[in-house]
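Numbering (the numbering used here), first residue to last: 1 to 315.
Virtual Cβ for every residue (Gly too), placed ideally from N, Cα, C.
Read the structure below first, then the notes.
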Amino acid sequence: METSKFNLSNEMKIGLVVIAAIIVAFIGFRIMRDQPLFRQSKFLYTSFDRVDGLLPGNTVQIKGYKIGSVKEMSFSPANDSTRITLGITADFMIPKGSKAVLKKPGPLGAVTIEIVKGNNSEMIPWGSDIHGEIDGGIFETFSTKGEVVVDELTVSLTKLNGLMGKIDSSLYSDNRDPIKNTLSSFEKTGKDVQELISKRKNDIDSMIVSMSNVAQNFDELSEGNKAEVDSMLTSLKNASSELEKLSKGLNKTTLSLNDILEKINEGTGTFGKMINDESLYTNLDSLSFNLNELVKNIQKDPKKYLKHMRLVEVF
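This is the structure in C-alpha cells:
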C-alpha cells in the first residue's frame with residue numbers, strides 16, 4: 001500500500017517561520033518591558049517634582065514585594081513635574097489614601113517606587129492618580145540631622161558670644177551685681193550648650209555607626225560610592241572631634257567661672273585681683289576668640305565647617 005507523505009511547500013515553511021518569529025518577538029518584547037505574558041497590566045498615575053534617576057522598568061513594590069513597574073515617564077512643563085505611569089500586575093487593588101513614595105538611590109543606586117497602603121476600605125479605580133512623595137532615605141535623614149546640628153549650635157554659640165561681651169565689660173565695673181549676674185548666666189548657658197554639644201555629638205556618632213554599617217553591608221559599592229561614603233565617614237569623625245574639643249573648652253572655662261562666683265559669693269578677694277588674674281583673661285580671651293570665629297564660620301558657610309560632610313546639599 002502506498003504511503004502518502006505530507007510535504008510542506010516552501011511557502012508554508014516560510015509562513016510558519018514568520019509566525020514563530022512574531023510569537024518569539026512578542027514574548028521577548030513583553031519580557032523586556034516587564035509585562036505579564038497572559039494578562040494585561042492595570043495602570044495608576046502619579047507625579048514627582050523630581051525623579052532622581054527613576055527610569056521606565058524600575059520596580060513598583062509594596063513592603064519590598066514587587067507588584068509592577070514604571071511604564072512611562074513624561075515631563076510636564078506646566079506643572080513643573082514628571083508624570084509617571086505605573087503598571088500594576090498584582091491581582092489586588094490599592095486602597096484609597098495610599099501613596100506612591102519615590103525611594104532615592106541607596107548605596108547600590110537602585111531607585112524604586114514604594115506603595116504605602118492607606119486604611120480606606122474603598123479602592124483606587126484603575127486609571128486614577130495616586131499621591132506621590134519623595135523619600136530621601138538614609139542620606140536625607142543625615143541631612144536633616146546635620147541641619148539641626150548647625151542651627152542649634154549657631155543659636156547657642158551666638159548667645160554665649162553675647163555673654164562673653166557682657167563679661168568683658170562687667171570686669172571693669174565697680175558694681176559686684178552685674179558681673180555676678182553675667183557670670184551666672186554664662187555658667188547656666190555654658191552648661192546648656194555643653195549638654196547640647198554632648199547630645200549632638202552622640203547623634204553624629206550614631207550617624208558614623210550607620211554609615212559604617214552601610215559600607216560593611218554593601219560589598220558591591222561602586223568605587224565612586226565607596227569613596228563618597230569613606231569621605232563622609234572621615235568628615236563625620238572630624239566634626240565629632242571638633243565638638244568634643246569645644247565641649248572641653250567650655251567645661252574648662254565654666255570651672256574657672258564657678259571658682260570666681262564662689263569667691264564673689266564669699267566676699268573674698270577683690271575685683272582688682274580678678275581683673276589682673278592672668279589665667280582668667282587667658283581663658284576668657286581664648287574662648288571669646290574661638291566662639292567669634294566659630295559663629296562666623298558656621299553662619300557664613302555651614303558646609304565648610306562640617307568639612308565635606310555635604311549634609312546640607314547631598315545627604
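Candidates 50, 64, 126 and 9: which alpha carbon is nearest residue 115's?
As a first step, residue 115 must be located in the sequence shown, where it is residue number 115. Per the Cα distances, 64.
Note down, in chain order, each residue of its chain lying with its Cβ closer than 7 Å to the Cβ of residue 4, except the 5 sequence neighbours on either side.
The sequence position of residue 4 within the sequence shown is 4, counting from 1. Because residue 4 sits at a pLDDT of 49, beneath the cut-off of 50, its placement in the model cannot be relied upon, and the following sentence gives the value as read from the coordinates. Correct list: empty, nothing qualifies.
Go ahead and pull the three-state DSSP assignment for residue 43.
Within the sequence shown, numbered from 1, the residue matching residue 43 stands at position 43. Residue 43 falls in the strand class under three-state DSSP.
Is residue 15 near the ligand ADP, going by C-beta to nearest heavy atom under 7 Å?
Although the ligand ADP was asked about, the structure shown includes no ligands whatsoever.
In the DSSP assignment, the beta strand (DSSP E) including residue 86 goes from what residue to what residue?
Within the sequence shown, residue 86 is the residue found at index 86, counting from 1. 81 to 88 is the span of the beta strand (DSSP E), which, as asked, contains residue 86.
Identify which residue in 51, 76, 131 and 82 has its Cα closest to the Cα of residue 112.
Looking up residue 112 in the sequence shown gives position 112. Ranking the options by Cα distance to residue 112, first place goes to 51.
Are there 16 or more other CB atoms within 10 angstroms of the CB of residue 55, so buried, or fewer, so exposed?
If you number the sequence shown from 1, residue 55 lands on position 55. Residue 55 should be labelled exposed.
By a C-beta neighbour count over all protein chains shown, 10 Å radius and 16 as the cutoff for buried, is residue 92 buried or exposed?
As a working mapping, residue 92 is identified with position 92 in the sequence shown. Residue 92 comes out exposed.
Please name the residue or residues paired with residue 123 in a DSSP beta bridge.
The sequence position of residue 123 within the sequence shown is 123, counting from 1. For residue 123, which the question treats as bridged, DSSP gives the partners 95.
For residue 102 and residue 134, which I take to be in contact (beta-carbon distance under 8 Å), what is that distance rounded to the nearest angstrom?
By one-based count along the sequence shown, residue 102 stands at place 102. By one-based count along the sequence shown, residue 134 stands at place 134. That belief holds up - the Cβ atoms of residue 102 and residue 134 are roughly 5 Å apart, short of 8 Å.
Would you mind sorting residue 75 into buried or exposed? The rule is 16 or more other CB atoms within 10 Å of its CB.
Start at 1 with the first residue of the sequence shown, and residue 75 comes out as number 75. So residue 75 ends up on the exposed side.
Taking all protein chains shown into account, do 16 or more other C-beta atoms lie within 10 angstroms of the C-beta of residue 100, making it buried, or fewer, making it exposed?
The residue you call residue 100 lines up with position 100 of the sequence shown. By the 10 Å Cβ count, residue 100 comes out buried.
Leaving out five residues before and five after residue 129 in sequence, what residues of the same chain have Cβ atoms less than 6 Å from its Cβ?
For the purposes of this step, residue 129 is taken as residue 129 along the sequence shown, with counting starting at 1. The answer, listed in chain order, is 45.
Do you know how far the Cα of residue 20 is from the Cα of residue 61?
Position 61 of the sequence shown, counted from the first residue, corresponds to residue 61. Position 20 of the sequence shown, counted from the first residue, corresponds to residue 20. Cα to Cα, residue 61 sits roughly 34 Å from residue 20.
Look up residue 18 in the DSSP assignment and say whether it is helix, strand or coil.
The residue you call residue 18 lines up with position 18 of the sequence shown. Three-state DSSP puts residue 18 in a helix.
Please classify residue 28 as buried or exposed, where buried requires at least 16 other C-beta atoms within 10 Å of its C-beta.
Start at 1 with the first residue of the sequence shown, and residue 28 comes out as number 28. It counts as exposed.
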